[in-house]
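Number 344 marks the last residue of the sequence shown (this note's numbering); no jumps.
Take a look at the structure below.
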Amino acid sequence: QDVAMNAWRIESAPSEMQGPMVGAYEVGYNVGMIAAAAGALSVASDFGWHVSYGVMAALMAVGIATTLLAREPRAVVTREEQQRETRVIEWLERRAHWPRSLRKIGEWFIGAVICPLTDFFGRYGLRFALPCVAFIGLYEMNEFIMGAMTGPFYIAHHYSLEQIALVVKVYGFSLSIAGVFIAGALVARIGLARSLLIGGALAVLSNLSYSLLATTHAPTLLGLGFANGLDNLARSVEGVALIAFMSNLTSSKYTATQYALFASLYALPGKISEGISGFVVQRIGYPHFFLLTAGLG
48 QDVAMNAWRI
58 ESAPSEMQGP
68 MVGAYEVGYN
78 VGMIAAAAGA
88 LSVASDFGWH
98 VSYGVMAALM
108 AVGIATTLLA
118 REPRAVVTRE
128 EQQRETRVIE
138 WLERRAHWPR
148 SLRKIGEWFI
158 GAVICPLTDF
168 FGRYGLRFAL
178 PCVAFIGLYE
188 MNEFIMGAMT
198 GPFYIAHHYS
208 LEQIALVVKV
218 YGFSLSIAGV
228 FIAGALVARI
238 GLARSLLIGG
248 ALAVLSNLSY
258 SLLATTHAPT
268 LLGLGFANGL
278 DNLARSVEGV
288 ALIAFMSNLT
298 SSKYTATQYA
308 LFASLYALPG
318 KISEGISGFV
328 VQRIGYPHFF
338 LLTAGLG
């Protein structure tokens, strides 16, 4: 569903509008998460779970109605894409003696995997495409690694559950939403490259602020608010800018497949690396751990 929604967004708006479009998508996503979590629990506590499930089902109807009312984007097929499809048809014709099921599998594999990859590397060339793929995978890796240990850090640093709920969930969420709007405006006004740089710089500063906070001996609410607020702002700017960057790399013919590939690549290195975060903290401590993640940024 997310891939299809992002493919529709990419095909429905020009590249210069991808920043605001991503911002709107992120705001809707966060509001939906709040409605599905806190909203569902609130309704259940007052009216019971049967009413809560009914309300959640009714909210799902909003997405269904929007899907039915949305216009199908007009795809622009380039000459290179037409030639690529012609070669696929010729390949299938030369294998008419194959079983029908095998030809169907071959047709699907070429159309869903081979063509999107050859299109991407053909348009940009290896000298640009490979660094792009590496950049997508590494851009937010420090945030994945650092984010895995913020929760344990709050507990280890003796913050109360009430303080964590107030600062991280309420104040942090507010700054996250504000960051989405700021990021959308930045991408539209100063472009993707500068927005990506600003997002990366904010991420480094947020990691450094956590490192400084880890050196204090008593939990300070002001310090937690500053570090967490900066982190939420950085994540929003980084996320919107990176999604807009990935969106601009796709072609209108293979939007869904290429975006799904990029979305998987962006999370893979960070998700793998965050598994060792706890071992690193045990070895070097929280102050040096956050310094390390800042260096990775």
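From the three backbone atoms N, C-alpha and C, an ideal C-beta is built for every residue, glycine too.
- Query: Can you find at least 3 beta carbon pairs, one from the segment 275 to 294 and one from the segment 235 to 243, that sit closer than 8 Å?
  - Reply: yes
- Message: I'd like to know whether the C-beta atoms of A82 and L116 end up nearer to each other than 8 Å.
- Response: As a working mapping, residue 82 is identified with position 35 in the sequence shown. As a working mapping, residue 116 is identified with position 69 in the sequence shown. Contact flag unset, no.
- Integer-rounded CB distance, given that A104 should sit under 8 Å from F200: One-based indexing of the sequence shown puts residue 200 at position 153. One-based indexing of the sequence shown puts residue 104 at position 57. Not quite, the Cβ-Cβ distance comes to about 38 Å (not below 8 Å), so this is no contact.
- Task: Report the option in I192, I157 and Y72 whose CA atom is closest to the CA atom of Y333.
- Result: What you label residue 333 is simply residue 286 of the sequence shown in a count that begins at 1. Among I192, I157 and Y72, the Cα nearest to that of Y333 is on I192.
- Task: Examine the ligand GTP and report whether any of its heavy atoms sits within less than 7 Å of the Cβ of H144.
- Result: The ligand GTP is not part of this structure, which contains no ligands at all.
- Message: Between which residues of its own chain and C59 is the CB-CB distance below 6 Å, once the five residues before and five after are set aside?
- Response: As a working note, residue 59 is residue 12 in the sequence shown. As written in the sequence, residue 59 is Ser, which differs from the Cys given in the question. P120, listed in sequence order.
- Nearest-angstrom beta carbon gap, G184 and Y306 [assumed within contact, 8 Å]: For this step, residue 306 is matched to residue 259 along the sequence shown. For this step, residue 184 is matched to residue 137 along the sequence shown. Contact doesn't hold; Cβ gap of about 15 Å is too wide.
- Query: In chain order, what residues of the same chain have a beta carbon less than 7 Å from the beta carbon of V47, not counting five sequence neighbours either side?
  - Reply: Absent from the model: residue 47. The displayed extent of the chain is 48 to 344, so no value can be given.
- Message: If you reduce the DSSP assignment to three classes, tell me which class W145 lands in.
- Response: Your numbering for residue 145 matches position 98 in the sequence shown. Looking at W145 - three-state DSSP - the assignment turns out to be coil, as it is neither helix nor strand.
- Query: Hey, L343 and M196: beta-carbon distance below 8 Å or not?
  - Reply: By 1-based counting over the sequence shown, the position of residue 343 is 296. By 1-based counting over the sequence shown, the position of residue 196 is 149. Cβ atoms of L343 and M196: not closer than 8 Å.
- Query: How many angstroms separate the CA atom of D166 from the CA atom of F292?
  - Reply: Taking the sequence shown and counting its residues from 1, one reaches residue 166 at position 119. Taking the sequence shown and counting its residues from 1, one reaches residue 292 at position 245. Approximately 17 Å, taken between the alpha carbons.
- Query: What three-state label does DSSP hand T113 in the structure shown?
  - Reply: Taking the sequence shown and counting its residues from 1, one reaches residue 113 at position 66. Helix.
- Message: Less than 8 Å between the beta carbons of A232 and S253, yes or no?
- Response: Walking along the sequence shown from the start, residue 232 turns up at place 185. Walking along the sequence shown from the start, residue 253 turns up at place 206. Going by C-beta atoms, A232 is not nearer than 8 Å to S253.
- What three-state label does DSSP hand A60 in the structure shown? Position 13 of the sequence shown, counted from the first residue, corresponds to residue 60. In the three-state reduction of the DSSP assignment, A60 falls in the coil class.
- Reference I229, options A281, Y218 and G247, closest by Cα: Your numbering for residue 229 matches position 182 in the sequence shown. That would be A281, whose Cα lies nearest to the Cα of I229.
- Item | Which of helix, strand or coil DSSP assigns to S298 | Here residue 298 refers to the residue found at position 251 when the sequence shown is read from its first residue. Coil.
- Query: Near T302, what residues of its chain come up, given a Cβ to Cβ distance below 6 Å and the 5 sequence neighbours on each side ignored?
  - Reply: For the purposes of this step, residue 302 is taken as the residue at position 255 of the sequence shown. Excluding residues within five positions, the ones whose Cβ falls inside 6 Å are A54, I57 and E58.
- Message: My output table needs one value for Y171: the three-state DSSP class, helix, strand or coil.
- Response: Working through the sequence shown from its first residue, we reach residue 171 at position 124. Three-state DSSP puts Y171 in a helix.
- Item | Nearest residue (CA-CA) to A235, options D49, M68, Q48 and A51 | Residue numbering aside, residue 235 sits at position 188 when the sequence shown is read from its first letter. Selected option, being the one with the closest Cα: M68.
- Three-state class that DSSP yields for E73 in the structure shown: Here residue 73 corresponds to residue number 26 of the sequence shown, with the count starting at 1. Annotated three-state conformation of E73 is helix, per DSSP.
- Message: Quick check on the burial criterion: 16 or more other C-beta atoms within 10 angstroms. Buried or exposed for D49?
- Response: Here residue 49 corresponds to residue number 2 of the sequence shown, with the count starting at 1. So D49 counts as exposed.
- Task: Under the assumption that N279 contacts G219 (Cβ atoms under 8 Å), give the Cβ distance between them as a whole number of angstroms.
- Result: Here residue 279 is taken as the residue at index 232 of the sequence shown, counted from 1. Here residue 219 is taken as the residue at index 172 of the sequence shown, counted from 1. Going by Cβ atoms, the distance from N279 to G219 rounds to 5 Å, so yes, they are a contact pair.
- Starting from I157 and walking both ways along the alpha helix (DSSP H), at which residues does that stretch end? In the sequence shown, the residue the question calls residue 157 occupies position 110. No alpha helix (DSSP H) contains I157, which DSSP labels as neither H nor E.
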